[in-house]
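Quick note, the working numbering runs 3 ahead of the 1-based positions in the sequence shown. Please read the structure below before turning to the comments.
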Amino acid sequence: MFDLRHQANRSRLYQNILNILWAAALISLPFTSFPLLVNLTGAIVAPLSAIPVFLLILLWFIPYVLRRGSLPRETSPLVIFTLIALLACSLAFFLDIPGFKGRTLLGQELRALVTLVIGLAFLFVFSTWPQNEDRLEKTLKWLTIGGIIAMVWTLIQAYYIFLQAYNYPPWVENIQEWLVLQSPYFNARGRRVTGFTYEASWFAHQMVMLYIPLWLAATYQRTSSFKFRFFRLSIENLLLVLGVGLFFLTSPRIGLISFLLIGVFVFLKINLAILRRLVNFISHRRWFQASKAQAPLRIFVTVFTSVLMLVIYTALLVGVIFLVSQRDYRMELLITNPPTWVEIKAALTLKESVLLSLAHRLAFLERMVYWFTGWHIFNDHAWLGVGLGNAGFFALEQTPSVGWGSYEIRNLLFRLEQLPNIKSFWVRLFAETGLVGFSVFAAWLVVIFQSARLTLRSHQPVLQTAALAGQLSLIAFIGEGFSIDSFAMPYLWVTIGLVAAASWSYRKAIALKEL
């Protein structure tokens, strides 16, 4: 009897430890560059949540796999991508790769593969731990609590930026130094909040990839992880408004595109439903049914309503861009000196000289130079690329000549110790894993999106919320893939993992009904 009680106590203690680690992983997601991990790894992308995630890998996931625990089928394509990446890294030793900054091929590949391992760790844990509705519900709650902590800290930043003229008290600066490595341009970057991230664009990425999709999905599905209500508004409703406001205080550019992609997707869902209701409402009017030309009239009503909605949302889009341009001189350039129709036509054909010229005029030159550097590498190594982490070796010979006039690029090429990177996840996939790796990864994202779409058919609100949040995050990643290029940034893996877990739970429920 004593042995049974002792074993039950140990099992309870083990489960409590796992629950604490899981909560810690979710709450610490806003911290992107934890100083201790930065010092240990030398990488700027060093999320604090990686510590509890790797402890969960050791204490729970590995024993789970050894006990023949199954994985969601959505993880299979990424395993194939990983094998392709390893093949590309192996074949890179047979390429004529130029030396640069004393870096070795093996060292660069190992660093890049470590970031991929970090991403895989997040994916496997987040896709297997919340494998039922109860765990998934608690997961969404802890994610929101982490988001609340980030919002509170960002509000403190906003207060001192806008109302105290950047006069941060020592306690604010000390907490910031303890919890997150800050960009050296932190005090000179202008009126931009950063939250617990390395720089403002990372906070925008965090918001548009995780928290805004999560809170928007809960708002759209009318669900909440909390019982608290404020005038019938849930915590997620309030956080969505606050989160969007703080997101715009980062003065996003690519993040703004990602946000607008989410908006277009949601508006399409809403407007299609509204359009169907309007057409059905008009179709049931007596004057409509008395008409002899019902079919043409129905088409006219549909087209007219669609055009009216398009005009309204175009006006809203112009208004958003105008408001953002009031805070960001770079967005203001888009309004004061817009591209001509000739330039737009040439840009749509990806003409390099025109794109670089436009980028220079819109204060976007460096980012475009990085992208074309990666594109040139892909042109020379189209099938499997040059291997993960190796694109920087080609920077001297592949950087467009106009880039040499940029102080930032010259500094990156000749003064900083690290190799240059491409600054785009999509272009990096092309350059370092080739057409094969890019195709498999892109196909995997499509599979995840379809899994989320099917899971939306579930009658479980928590599964619907997780699925829609995953869809919104994937939509946002179309834009964010042109801003972030690291596999170690956890937010894509977290949302995809939750989609896989929700889809897995939905399939198990269907299988039980069929038995």
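Even glycine gets a Cβ: it sits at the ideal position worked out from N, Cα and C. On a predicted model such as this, the values are computed, not experimentally measured, just so you know.
- Taking C-alpha positions only, serine 36 is separated from leucine 74 by approximately 29 angstroms.
- Per DSSP, the continuous alpha helix (DSSP H) segment holding glycine 248 begins and ends at 238-251.
- Around the beta-carbon of lysine 426, 16 or more other beta-carbon atoms lie within 10 Å, marking it buried.
- In this structure, DSSP gives alanine 49 an extended state, which the three-state scheme calls strand.
- The C-alpha of tyrosine 17 is placed about 45 angstroms away from the C-alpha of serine 254.
- For arginine 114, the uninterrupted alpha helix (DSSP H) segment begins and ends at 108-131.
- Runs of the beta strand (DSSP E) lying entirely within the stretch 124-182 and spanning at least 3 residues: none are present.
- The three-state reading of DSSP puts arginine 431 in helix, counting H, G and I together.
- Sixteen is the threshold: when 16 or more other Cβ atoms of the shown chains lie within 10 Å of the Cβ of histidine 208, as they do, the residue is buried.
- Alanine 350 and isoleucine 215 have their alpha carbons spaced roughly 31 angstroms apart.
- Residue nearest to isoleucine 499 within the set Ala491, Ser489, Tyr509 and Gly473 is Gly473 (criterion: CA-CA distance).
- Annotation for glycine 482: the continuous alpha helix (DSSP H) segment containing it runs 464-483.
- For the pair asparagine 382 and leucine 264, the Cα-to-Cα distance works out to about 29 angstroms.
- Below 8 angstroms, enough C-beta pairs join the stretch 131-142 and the stretch 489-509 to call them touching: three or more.
- Contact between glutamate 435 and glycine 390 holds, since their C-beta atoms are separated by about 6 angstroms, short of 8 angstroms.
- Proline 341 sits exposed, since fewer than 16 C-beta atoms from the chains shown fall within 10 Å of its C-beta.
- Rounded to the nearest angstrom, the gap between the Cα atoms of valine 310 and methionine 492 is 40 angstroms.
- Residue state for phenylalanine 233 is assigned as strand, using DSSP reduced to three classes.
- For tryptophan 378, the enclosing alpha helix (DSSP H) stretches over residues 368-383.
- Counting only residues of its own chain and dropping the five nearest sequence neighbours on each side, leucine 459 has a CB closer than 6 angstroms to the CB of Gln467 and Ala470.
- The C-beta separation of glutamine 224 from valine 196 comes to about 28 angstroms, leaving the pair out of contact by the 8 angstroms criterion.
- With fewer than 16 other CB atoms across the displayed protein chains lying within 10 angstroms of its CB, alanine 446 is exposed.
- Cβ-Cβ distances below 6 angstroms link asparagine 274 to Met312 in the same chain, with the five nearest sequence neighbours on each side left out; the list follows chain order.
- DSSP, read as helix, strand or coil, puts serine 409 in coil.
- The beta carbon of isoleucine 238 sits closer than 7 angstroms to the beta carbons of Thr147, Ser227, Phe229 and Phe231 from its chain, once the five residues preceding and following it are set aside; these are given in chain order.
- Sequence-distant partners of tyrosine 509 (beyond 5 residues in either direction) whose C-beta falls short of 7 angstroms from its own C-beta, in its chain, are Thr458, Ser461 and Leu466.
- The alpha-carbon of isoleucine 347 is positioned some 47 angstroms away from that of glutamate 140.
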